[in-house]
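Residue numbers (our numbering): 1167 to 1595. Glycine residues also receive a C-beta, built at the ideal position from the N, C-alpha and C atoms. Quick notes on the structure that follows.
Pasting the structure below:
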């Protein structure tokens, strides 16, 4: 990106699939958007765009490191003219009591000098709503959803005021739905009242799509906001309405056919991904990795790569490390959570690297941590955002990778319908 480019919106995402979700949402709303992997180098050639989403793999790392990386991304984005920064988090508020949402929010708020920050993971289009400060996943509270069994960040409290207060050094308040329904000025007045009471962050309810537009209008009064792709949609619509966007999408550049072998990698253990793997088994060869062999350091990845090479010439294949929550819990009990997760992520990255060397230039990856490990290993610095495969999941064309043409889909575990893998490959010719 040249120094002359000036961004309408800068975004910092705490994982790669969440970044893709946000970039897809901004593109659909009319912003020309590029997703980068990590803080970009100054000489990375990117087109003139409205928004840049800087993807960090910072959701589950040590909090101080997440803060350092997020502040570096903020500095880069502010240096490109971004007057507003969105810290993009998961729509299920994945974060333990030690962070990382609270610590990163506190640091970015201090840098922005905002008196208060609006926070919401709501995205009604994907079934994520917030009412009276409580996050719902579809019809059930967060703590009753499958996220209660998340292998890294199990969520046992649906009240986000309490969840964020346990992580943040600032007081956390609430802007309820009744206030939001009265419009932007009512929200501004409520925020002023909260500031006078010493509150520095406010969870804001959102149940309907139109709620996001009001939130976006108010958020642009400030230099920082925190939330999922729903608040990104509100910000994008507010920018387009104010004619601060260039109003041209970049999706056309991702429509050129790539061809050649295609492969899918699944590391997510979500119920949605497990169903998607079961559906894929009906239409393509599927290999399930043995996690015990992976963790033991045996040649499981090499075995899987040899299996794939025998089949790539006849159609797409899928390799999965996914397991049920019970199997994951047992594996973590035997080997430790971090050791088990790291070993499996690195095995999937080994596989991705080997597949690309074998001629695969169409790659579908399921799972946030898996996607992060894969993209890091492949050394891809950024993506142009293309057509939408499923809500929150676009086709991505690699830029600046030095490995020839390549398209990917990076899927958060819970996203997509039962036929996601087939649907993705159909849009990646």
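Output yes or no for whether 8 Å exceeds the beta carbon distance between residue 1326 and residue 1299.
-> As a working mapping, residue 1326 is identified with position 160 in the chain shown. As a working mapping, residue 1299 is identified with position 133 in the chain shown. A contact, by the Cβ cut-off of 8 Å.
Own chain, CB closer than 7 Å to residue 1456, minus 5 neighbours either side, in chain order = As a first step, residue 1456 is located in the chain shown; it is residue number 290 there, counting from the start. Its chain contains 1466 as the residues whose beta carbon lies nearer than 7 Å to that of residue 1456, once the 5 sequence neighbours on both sides are disregarded; these appear in chain order.
Could you give the distance in angstroms between the alpha-carbon of residue 1214 and the alpha-carbon of residue 1502?
-> Position 48 of the chain shown, counted from the first residue, corresponds to residue 1214. Position 336 of the chain shown, counted from the first residue, corresponds to residue 1502. Each residue's Cα considered, the two are about 45 Å apart.
Local Cβ density within 10 Å of residue 1355, reported as buried at 16 or more and exposed below that = As a first step, residue 1355 must be located in the chain shown, where it is residue number 189. Counting Cβ neighbours within 10 Å, residue 1355 comes out exposed, since fewer than 16 surround it.
Would you kindly report the start and end of the unbroken beta strand (DSSP E) that includes residue 1199?
-> For the purposes of this step, residue 1199 is taken as residue 33 along the chain shown, with counting starting at 1. According to the DSSP assignment, residue 1199 belongs to the beta strand (DSSP E) that extends over 1199-1203.
For the putative contact between residue 1398 and residue 1177, defined by C-beta atoms under 8 Å, what is the C-beta separation to the nearest angstrom?
-> Taking the chain shown and counting its residues from 1, one reaches residue 1398 at position 232. Taking the chain shown and counting its residues from 1, one reaches residue 1177 at position 11. The C-beta separation of residue 1398 from residue 1177 comes to about 7 Å, placing the pair in contact by the 8 Å criterion.
Return the chain-ordered ranges of every alpha helix (DSSP H) run that is complete within the segment 1347-1422 and spans a minimum of 4 residues.
-> Fully enclosed alpha helix (DSSP H) runs of 4 or longer: 1350-1362, 1375-1385, 1395-1407.
Along the beta strand (DSSP E) that carries residue 1300, what are the first and last residues, could you check?
-> In the chain shown, the residue the question calls residue 1300 occupies position 134. Per DSSP, the unbroken beta strand (DSSP E) holding residue 1300 starts and ends at 1300-1303.
For residue 1277, which of 1309, 1209, 1243 has the nearest alpha-carbon?
-> By 1-based counting over the chain shown, the position of residue 1277 is 111. With distances taken between Cα atoms, residue 1277 lies closest to 1243.
Local conformation of residue 1613 per DSSP, three classes = As displayed, the chain neither begins before 1167 nor continues past 1595, which places residue 1613 out of reach and without an answer.
Might you give, ordered along the chain, the residues of its own chain that have their beta carbon closer than 6 Å to the beta carbon of residue 1296, omitting 5 neighbours on each side?
-> Here the question's residue 1296 lines up with position 130 in the chain shown. Annotation for residue 1296: 1286, 1288, 1371, 1372 place their beta carbon closer than 6 Å to its own, counting only its chain and skipping 5 residues before and after.
May I ask which residues mark the beginning and end of the beta strand (DSSP E) holding residue 1253?
-> The residue you call residue 1253 lines up with position 87 of the chain shown. Annotation: the continuous beta strand (DSSP E) that includes residue 1253 extends over 1251-1254.
Report the rounded CA-to-CA distance for residue 1416 versus residue 1189, giving the unit in angstroms.
-> Counting from one through the chain shown, the residue named residue 1416 turns up at place 250. Counting from one through the chain shown, the residue named residue 1189 turns up at place 23. For residue 1416, the predicted model reports a pLDDT of 44, less than 50, meaning its position is unreliable; a value from the coordinates is still stated below. Going by C-alpha positions, residue 1416 is about 11 Å away from residue 1189.
Exposed or buried, what is residue 1418 when buried is set at 16 or more other beta-carbons lying within 10 Å of its beta-carbon?
-> The sequence position of residue 1418 within the chain shown is 252, counting from 1. Confidence at residue 1418 is low in this model, with a pLDDT of 47, below 50, so its placement is unreliable and the value that follows should be read with caution. That one is exposed.
With a cut-off of 8 Å on the beta carbons, I'd call residue 1594 and residue 1528 a contact; round off their distance for me.
-> Within the chain shown, residue 1594 is the residue found at index 428, counting from 1. Within the chain shown, residue 1528 is the residue found at index 362, counting from 1. With a Cβ gap of about 5 Å, residue 1594 and residue 1528 count as contacting.
Three-state secondary structure assigned by DSSP to residue 1215 = As a working mapping, residue 1215 is identified with position 49 in the chain shown. DSSP places residue 1215 outside both helix and strand once states are collapsed to three, so it counts as coil.
Residue 1490 lies in the alpha helix (DSSP H); which residues open and close that run?
-> Locating residue 1490 in the chain shown gives position 324, counting from the first residue. Per DSSP, residue 1490 belongs to no alpha helix (DSSP H) and is neither H nor E.
Is the Cβ-Cβ distance between residue 1221 and residue 1266 less than 8 Å?
-> The residue you call residue 1221 lines up with position 55 of the chain shown. The residue you call residue 1266 lines up with position 100 of the chain shown. No, Cβ-Cβ distance for residue 1221 and residue 1266 is not below 8 Å.
Which stretch, first to last residue, makes up the beta strand (DSSP E) that contains residue 1479?
-> Within the chain shown, residue 1479 is the residue found at index 313, counting from 1. Neither: residue 1479 is in no beta strand (DSSP E) and is coded neither H nor E.
Mind checking who residue 1561 pairs with in its DSSP beta bridge?
-> Counting from 1 along the chain shown, the entry for residue 1561 is found at position 395. By DSSP's assignment, residue 1561 forms no beta bridge with any residue.
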